[in-house]
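Heads up, the thing below is written out as structure tokens.
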Amino acid sequence: MRVTRFSDVCGTLDELRKMFEKGSLDRGEIETAINLVDDAIYMIGRMLTRLQEYEDFKEELRSILNTMDQIEIVEETKPRKVTDKLRSLISKGFSEKKDLERSVELAEEIRQIANKLERALRTYKGKFLDVVELYGRVKGVRDWSKDEKEKIGTALPILIPINEILENVKEWLPPEPHRSKIIDFVKAGRAYIQPKRRREPPVVQFEDGGTIPLHKIRYSERAGYQEGMFYPEDRPPKTLKEPPCKSKEK
948 MRVTRFSDVC GTLDELRKMF EKGSLDRGEI ETAINLVDDA IYMIGRMLTR LQEYEDFKEE
1008 LRSILNTMDQ IEIVEETKPR KVTDKLRSLI SKGFSEKKDL ERSVELAEEI RQIANKLERA
1068 LRTYKGKFLD VVELYGRVKG VRDWSKDEKE KIGTALPILI PINEILENVK EWLPPEPHRS
1128 KIIDFVKAGR AYIQPKRRRE PPVVQFEDGG TIPLHKIRYS ERAGYQEGMF YPEDRPPKTL
1188 KEPPCKSKEK
């Protein structure tokens, strides 16, 4: 995994543009510029990988829909037609033997209709659960609760609740105001905290491709050509127009 200087390609290119404004680069700046270009292509690669996950989801969803197309359904008017015939025979009191035999046949036909409907409903339910499983796999540990509430009125469960994730990494959270900003970003589903590896700090992966250790994350509203930027504390951007917040790391 590559740790990037910024959370997105735009912030990376802002920094690169600032370096270009000098008109020339010394040896150290050349290396830095190349690293920024490598950061950008890494982020684009991560976004392409994520896009492929969505493409794979689409194909699996298509397969589920194809299976649904094969589900045997019951003609909507058929149950009524069969029951009307049975009702008519019953109302005559089975005056003839053949009426009784036909009534038994019709009753069994109703049973078959019910069984076919039950099988169709069970199959549909199973396939819809497959769709939910697909959604859960694509979402993973990302917190999409805000978007889910806006779309369907409630948040769906995630593999690991965001509050549990934050509790597990609380000693690695950056100081305020950066702490609140990254937490808001995570809760908005625009970044997610990867499960912590042994003896390694937790890492935040941003939806725009960037990867920054959680404890190093800093945020400025006035950095770059665009408003708002995440960056590592030990490598503030040249476009930063305000001093980064200083604090002791835990």
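This note's numbering numbers the first residue of the sequence shown as 948 and each following residue consecutively.
Each residue gets a CB set at the ideal place from its N, CA and C atoms; glycine is no exception.
Nearest-angstrom beta carbon gap, residue 1176 and residue 1004 [assumed within contact, 8 Å]: The pair is not a contact, with the Cβ atoms about 31 Å apart (cut-off 8 Å).
Identify the continuous alpha helix (DSSP H) that holds residue 1059 and give its terminal residues. 1044 to 1086
Would the segment 1089 to 1105 count as touching the segment 1060 to 1072 if we require 3 or more Cβ pairs under 8 Å? no
Looking only at its own chain, which residues have a Cβ that is under 7 Å from the Cβ of residue 1135, when we skip the five neighbours before and after it? 1093
Once DSSP output is grouped into helix, strand and coil, what is the label at residue 1027? helix
Helix, strand or coil for residue 959 per DSSP? helix
Taking the beta carbon of residue 959 as the centre, do at least 16 other beta carbons fall within 10 Å, making it buried, or is it exposed? buried
Using three-state DSSP, classify residue 964 as helix, strand or coil. helix
Looking at C-beta atoms only, is the number of pairs between the segment 1028 to 1042 and the segment 978 to 990 that lie closer than 8 Å three or more? no
Residue ranges of each alpha helix (DSSP H) run of no fewer than 4 residues wholly in the segment 1086 to 1132, ordered along the chain? 1092 to 1099 and 1109 to 1115
Give me the residue from 1158, 1065 and 969 with the minimum Cα distance to residue 950. 1158
Can you tell me whether residue 1109 is buried or exposed, with buried defined as 16 or more other CB within 10 angstroms of its CB? buried
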